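Some notes on the structure that comes next.
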Amino acid sequence: MKLREIIAITESGSSAAGIEFVVTNPSTDEFSFTASNCATTPQRIERVRITTDLVVERFVESGWQSWSTVRPTTPGDARPERSDAPRWFRHQMLADGAAAGLALSADTMLLHEGGVLGSLDLAGPPVTFRIEADGSVFIDVLLDGIILEPGETRDLASIATLEGDPSALYSGWAETSGVRAGRRPSRPAPLGWCSWYQYFTEVTANDIRTNTALAAQHGLELIQIDDGWQASIGEWGSTNERFGTPIEVLAAEIQDAGMSAGIWTAPFLAIEGGPLATTRPEWLVTNEAGTPRTAMVHGLWGGRVFALDTSRLDVQDHLIATYRNLRNLGFTYFKIDFLHAGAVPGSRATSGTATRFDALRQGLEAIRTGIGDDAYLLGCGCPLGAGVGIVDAMRVSEDVAPHWEPGAHFAGWPESSVGTMNAVEQSIRRSPLHRRWFSNDPDCALLRPVETTLTSQQRRVLAETVTGTGGFTMVSDDLSTYSPVEWDILAAMDQQRTLVDTPLELIDPLSKTSLSVAGENHHLSVDLVTPTSSLSVTPSKDH
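The numbering of the sequence shown is this note's numbering, which starts it at 927 and goes up by one.
Right, here's the structure in full:
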């Protein structure tokens, strides 16, 4: 691949004056580049665009966060109807939300029939590969209006340009980028239970107690209290009246039962009209009019939700104190959700000097400081690269559900909709990130034979996908519905967890419906159409 042109683009879409670029090693399989302002006035840069000579016929579209679409496709399938989705949703799904419906994007990495293009600086500005209808490829480095002063030089990005078998190159790029990002040492994930997919926001303390007792009898190691316990979105120190018991009491009861206590939060959100948004409006990311930017709309919570400006030191102090308190209350496992809000476009304290990606990283680092290095941290709804080196595990898929097909969705976005088929596909397509960036979380296994439309075969596909993509195993059912059949399935999954927890390779990553993953000791095959699966695990010599 050759580079044809590099330009700096302003917010209006015009070329910034006086910006010069220096490219290092452009003829090798990796290049890096810097930008210098040689003009006499400051230049505000929205993005840097690199025109390449690469033309692709088949590739994998991939958004930047846990729930984003991941699918093999062709350049002409941009789905113009996507541009009708709300602005907040488009920016939630893609690093460059404005591109939705106009062109196709591959955030962080472009996997195509001839190889891989991928960012090698995961903590740097977001990199997205834009694929036009004719297959031509542009590389955009998103700078969010950073101001380059006269004479100032900035390092922008390092890009791998790898040609050959995309399967092996995918794994190799993930390994190299993960090492450079300072990934955390791999830690075994606990065998756990989560309240969400059975009780949702109606969970009560008694639901937790009932399942804690059953989980302890069957050797589970973790109870994670999910959404529904908190006083409101943005308040993470007390429970609501319906929940029934202070969380520190439940944490102690879980520990007394011999298990670790886990808690769900959405750290970068504040519900409209809630105490945090009302008392600390200066903490919120704002739009062009100076009013709070809508990070998302959530029906179960009551409507619009705003984002905290995590570039502010006082917000970082708030996050550190919040999570230190939760740790002191007895929690050692933390699921932090809807993390894309930390990177919502808008005005921040550091606008002009840092990107929204920098703000997101600062927020994640504050949470890690609060919980301590020894606590287990699971990210979700997060731009994936931002978590490397901070989280222990990351959700890599859409939510599962007690149904197979995608649920309700905005036009053009069926792959970014709650549904077990989507969770299975995304977990497999992102499997090479496991142990190279973090532990992959494929979401919960739903084994219950009641209150579900999943067939026994579909439940088996989900269970084998959870095991075959690295063995991060959580169940989320009313455990009293389990017969010996379901307990035996869970016991078998538990027995295989250590064997399958190895770096993975995705075989034939451009295949549309037949997916295959290989690890050191196992092989997983899934057919999404049937749907059927096959998992073979070979005990290692020292197991």
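Every residue gets a Cβ at the ideal spot worked out from N, C-alpha and C, and that includes glycine. Source: prediction; values computed, not measured.
- I1189 is positioned such that its CB atom lies closer than 9 Å to that of L1252.
- Cβ-Cβ distances below 7 Å link G1394 to V1426, V1443, H1448, L1450, L1461 in the same chain, with the five nearest sequence neighbours on each side left out; the list follows chain order.
- T1378: not part of any alpha helix (DSSP H); DSSP gives it neither H nor E.
- For the region 994 to 1052, the continuous beta strand (DSSP E) assignments of 3+ residues that do not extend past its boundaries occur at 996 to 999, 1030 to 1033, 1035 to 1038, 1041 to 1045, in sequence order.
- Counted as a single uninterrupted DSSP element, the alpha helix (DSSP H) harbouring F1283 occupies residues 1282 to 1297.
- P1012 counts as exposed, since fewer than 16 other beta carbons sit within 10 angstroms of its beta carbon.
- Rounded to the nearest angstrom, the gap between the Cα atoms of T967 and A934 is 15 Å.
- Considering only W1363, T1391, A1221, the residue with the shortest C-alpha distance to A1107 is W1363.
- Under the three-state reduction of DSSP output, H1360 falls in the strand class.
- As far as DSSP is concerned, H1329 takes part in no beta bridge.
- Of the candidates P998, V981, P952, S941, the residue whose Cα lies closest to the Cα of V974 is S941.
- Scanning S1237, G1044, D1243 for the CA closest to the CA of A1267 turns up S1237.
- A contact between stretches requires three or more CB pairs, one per stretch, nearer than 8 Å, and the region 1042 to 1055 fails this requirement with the region 946 to 954.
- Taken atom to atom, the span from the alpha-carbon of G1200 to that of G1160 is near 8 Å.
- By DSSP's assignment, F1260 forms a beta bridge with I1189, L1303.
- S1084 places its beta carbon 9 Å or farther from that of T1054.
- Here Q1143 is exposed: its Cβ has fewer than 16 other Cβ atoms, across all protein chains shown, within 10 Å.
- Per DSSP, S1093 is one residue of the alpha helix (DSSP H) stretching across 1092 to 1106.
- Secondary structure note for N1132: its alpha helix (DSSP H) is the uninterrupted segment 1131 to 1143.
- Collapsing the DSSP output to three states places D1240 in a helix.
- Rounded to whole angstroms, the Cβ separation of L1082 and G1118 is 41 Å, and the two are not in contact under 8 Å.
- Less than 9 Å divides the Cβ of L1359 from the Cβ of A1100.
- According to the DSSP assignment, I1180 belongs to the alpha helix (DSSP H) that extends over 1173 to 1182.
- Within the region 1407 to 1465, complete alpha helix (DSSP H) segments of at least 4 residues are found at 1410 to 1426, given in chain order.
- At the C-beta level, I1297 and A1192 stay beyond 9 Å of one another.
- Around the CB of Q1383, fewer than 16 other CB atoms lie within 10 Å, so the residue is classed as exposed.
- When the five nearest sequence neighbours on each side are left out, the beta carbons in the same chain lying within less than 6 Å of the beta carbon of S962 are those of E946, T1079, in order along the chain.
- Under DSSP, G1313 shares a beta bridge with no residue.
- In this model, G1145 and D1182 are separated by some 14 Å (Cα to Cα).
- Minimum Cα-Cα distance from D1033 among the listed residues I1057, G1040, G1027 corresponds to I1057.
- In this structure N1166 is exposed. Its beta-carbon is surrounded by fewer than 16 other beta-carbon atoms within 10 angstroms.
- Counted as a single uninterrupted DSSP element, the stretch harbouring E1058 is not any beta strand (DSSP E), since DSSP gives it neither H nor E.
- The three-state reading of DSSP puts T1393 in helix, counting H, G and I together.
- DSSP places N1166 outside any alpha helix (DSSP H), giving it a letter other than H or E.
- In this model, T1378 and R970 are separated by some 53 Å (Cα to Cα).
- Assignment of I1159 by DSSP, reduced to helix, strand and coil, places it in the coil class.
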